[in-house]
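*Asks:* The structure follows.
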Amino acid sequence: MSKKEDLAKAVDIEQKVTFLKERNSYAECPGLVEVRETHMSFVFLTEDYVYKLKKPVKIDFLDFRTLESRKRNCEEELRLNKRLADDVYLGLIPLKFNVEGKLHLGGDGQTIDWLVKMKRLKDEEMLDYVIGTGAVKMEQVKKAAGKLANFYKQSPPVTMLPNQYIKRLEERIKTNHKTLQDPDFKLPEPLLKKITSGQISFLRSHTTLFEKRLQDGRIIEAHGDLKPEHISLRNPPLIIDCLEFNQDLRIMDTAEELAFLAVECELLGNEEIGTVFFQEYERVTKDDIPIQLKFFYKSKQAVLRTRFAIWHIKEKRYRGNLKWTRRAENFLMLAEKYAAFLEP
Numbered sequence: 001m002s003k004k005e006d007l008a009k010a011v012d013i014e015q016k017v018t019f020l021k022e023r024n025s026y027a028e029c030p031g032l033v034e035v036r037e038t039h040m041s042f043v044f045l046t047e048d049y050v051y052k053l054k055k056p057v058k059i060d061f062l063d064f065r066t067l068e069s070r071k072r073n074c075e076e077e078l079r080l081n082k083r084l085a086d087d088v089y090l091g092l093i094p095l096k097f098n099v100e101g102k103l104h105l106g107g108d109g110q111t112i113d114w115l116v117k118m119k120r121l122k123d124e125e126m127l128d129y130v131i132g133t134g135a136v137k138m139e140q141v142k143k144a145a146g147k148l149a150n151f152y153k154q155s156p157p158v159t160m161l162p163n164q165y166i167k168r169l170e171e172r173i174k175t176n177h178k179t180l181q182d183p184d185f186k187l188p189e190p191l192l193k194k195i196t197s198g199q200i201s202f203l204r205s206h207t208t209l210f211e212k213r214l215q216d217g218r219i220i221e222a223h224g225d226l227k228p229e230h231i232s233l234r235n236p237p238l239i240i241d242c243l244e245f246n247q248d249l250r251i252m253d254t255a256e257e258l259a260f261l262a263v264e265c266e267l268l269g270n271e272e273i274g275t276v277f278f279q280e281y282e283r284v285t286k287d288d289i290p291i292q293l294k295f296f297y298k299s300k301q302a303v304l305r306t307r308f309a310i311w312h313i314k315e316k317r318y319r320g321n322l323k324w325t326r327r328a329e330n331f332l333m334l335a336e337k338y339a340a341f342l343e344p
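When we follow our numbering, the leftmost residue of the sequence shown carries the number 1, and every step to the right adds one.
Shown next, in the form of structure tokens:
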């Protein structure tokens, strides 16, 4: 291990977070620093900017335990998000440890970590916010959908053998089912089995449909985490926070990514927005997506969202919080609803 890595480990995450909570740590001297925590990062928000610090963790699909791995991830986050939000992602800022033994952002000293710096977007312009307040303007939604559709249209297709793609889908369906069988989650096994069986049956009986999606170049390196809270309806619209830590998870059918967003919007209470995104996509790309394929991907994504929601009850900070159990149950009901349309 290098001296650089030794020093990076010597200053623990708690010390870094404590420093980054302080207003005087930033060149702009903000009036307030708001702190948010995710599975993989600590996010520090000032009036005008957002700073994201990666946690030194190892979980499924990623390992951020070394300084170099965290830097690589920051660089990848910057590169990928510039595709749909170029002027929002400003660059990387080094967190330094100077000869006086003090932490500071930039300047001289030993780099012990890296932060992604972004412009802060207005909460009231984000899609989840406008859905929640009932202030949705469909013309703004159409502009965002058009931007996404053009991104899909310009993205190069991913090369993959048809049987490889179909096997990949089936394995992910089975993984979702296996994960949700955890007795701690207390989810109804007969319902899980019914949904999974319906998805796999549809997949196996419609192989030519999935082969055609691949042949038509509809499998691309997409956004990967297309949630309403990642879509800004400002003019022009912006789409931020793509899934940067695993390329394989970004590779998907454009129809599946749109299904992901549609499920999230429906759970928030606005099914129409998902429909508008599909319609704009089909208009721009001339890709007429079969209705049953939409239901298949919606059901698959709703189960995946069930999995991500219910997993929170394993975390100490959320233990006993019924919010995540209810959210998982709501996603599972949507998965059942969509799967019903797959039956012969």
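All residues carry an ideal CB built from backbone N, CA and C; glycine is no exception.
Remember, it's a predicted structure, so these values are computed and weren't measured experimentally.
Who are the Cβ neighbours of V158 in its own chain at under 7 Å, not counting the five residues just before and after it?
*Replies:* Here residue 158 is taken as the residue at index 158 of the sequence shown, counted from 1. The residues are I219, I220, E221, I251.
*Asks:* Does the separation of the CB atoms of K286 and Y338 fall below 7 Å?
*Replies:* As a first step, residue 286 must be located in the sequence shown, where it is residue number 286. As a first step, residue 338 must be located in the sequence shown, where it is residue number 338. Result no, Cβ atoms of K286 and Y338 do not sit closer than 7 Å.
*Asks:* Going along the chain, which residues of its own chain have a beta-carbon closer than 7 Å to the beta-carbon of D225, five neighbours each way excluded?
*Replies:* One-based indexing of the sequence shown puts residue 225 at position 225. These residues qualify, in order along the chain: D241, C242, L243.
*Asks:* Roughly how many angstroms separate the alpha carbons of F185 and K102, rounded to a whole number?
*Replies:* Locating residue 185 in the sequence shown gives position 185, counting from the first residue. Locating residue 102 in the sequence shown gives position 102, counting from the first residue. Going from the Cα of F185 to the Cα of K102 covers about 45 Å.
*Asks:* So the candidates are L209, E68, V35; which of them puts its Cα closest to the Cα of P162?
*Replies:* Within the sequence shown, residue 162 is the residue found at index 162, counting from 1. Answer by Cα proximity: L209.
*Asks:* Please name the residue or residues paired with D63 in a DSSP beta bridge.
*Replies:* As a first step, residue 63 is located in the sequence shown; it is residue number 63 there, counting from the start. Its beta-bridge partners are K58.
*Asks:* Give the single residue among V99, T275, E170, Q247 whose Cα lies nearest to the Cα of I112.
*Replies:* The sequence position of residue 112 within the sequence shown is 112, counting from 1. Considering only alpha carbons, the answer is V99.
*Asks:* Which of the three DSSP states, helix, strand or coil, is assigned to T111?
*Replies:* Looking up residue 111 in the sequence shown gives position 111. Strand.
*Asks:* So for H104, helix, strand or coil by DSSP?
*Replies:* On the sequence shown, residue 104 is found 104 positions in, with the first residue counted as 1. Strand at H104.
*Asks:* Nearest to D128 by CA position, among A335, L342, G269, R326, is which residue?
*Replies:* Translated into positions along the sequence shown, residue 128 becomes position 128. Residue G269 is the option with its Cα nearest to D128.
*Asks:* Apart from the five residues on each side of it in sequence, which residues of its chain come closer than 6 Å, Cβ to Cβ, to Y51?
*Replies:* Taking the first residue of the sequence shown as 1, we reach residue 51 at position 51. Within the same chain, Y51 has close Cβ partners F44, L115, K117.
*Asks:* Should I273 and V141 be called a contact, given that it needs their Cβ atoms to be closer than 7 Å?
*Replies:* Here residue 273 refers to the residue found at position 273 when the sequence shown is read from its first residue. Here residue 141 refers to the residue found at position 141 when the sequence shown is read from its first residue. Against a cut-off of 7 Å, the Cβ pair of V141 and I273 comes out as a contact.
*Asks:* Have a look at K153, H223, L249 and flag the residue whose alpha-carbon is nearest the alpha-carbon of L238.
*Replies:* Translated into positions along the sequence shown, residue 238 becomes position 238. Considering only alpha carbons, the answer is H223.
*Asks:* Is it the case that the segment 174 to 193 contacts the segment 308 to 317, given that we only count it when at least three CB pairs across the two stretches are under 8 Å?
*Replies:* Result yes; three or more Cβ-Cβ pairs closer than 8 Å.
*Asks:* Using 8 Å for Cβ pairs, my map puts Y49 next to K96. What's the rounded Cβ distance?
*Replies:* In the sequence shown, residue 49 corresponds to position 49, counting from 1. In the sequence shown, residue 96 corresponds to position 96, counting from 1. Incorrect: roughly 18 Å between the Cβ atoms, too far for contact.
*Asks:* What are the boundary residues of the alpha helix (DSSP H) that includes Y297?
*Replies:* As a working note, residue 297 is residue 297 in the sequence shown. First-last of the alpha helix (DSSP H) with Y297: 291 to 310.
*Asks:* Quick one: what's got a C-beta closer than 7 Å to G107's C-beta in the same chain, skipping five residues either side?
*Replies:* What you label residue 107 is simply residue 107 of the sequence shown in a count that begins at 1. Cβ neighbours of G107 beyond the five flanking positions: K96.
*Asks:* For the structure I just gave you, are there three or more beta carbon pairs, one from the segment 288 to 304 and one from the segment 192 to 207, closer than 8 Å?
*Replies:* Yes, the segment 288 to 304 is in contact with the segment 192 to 207.
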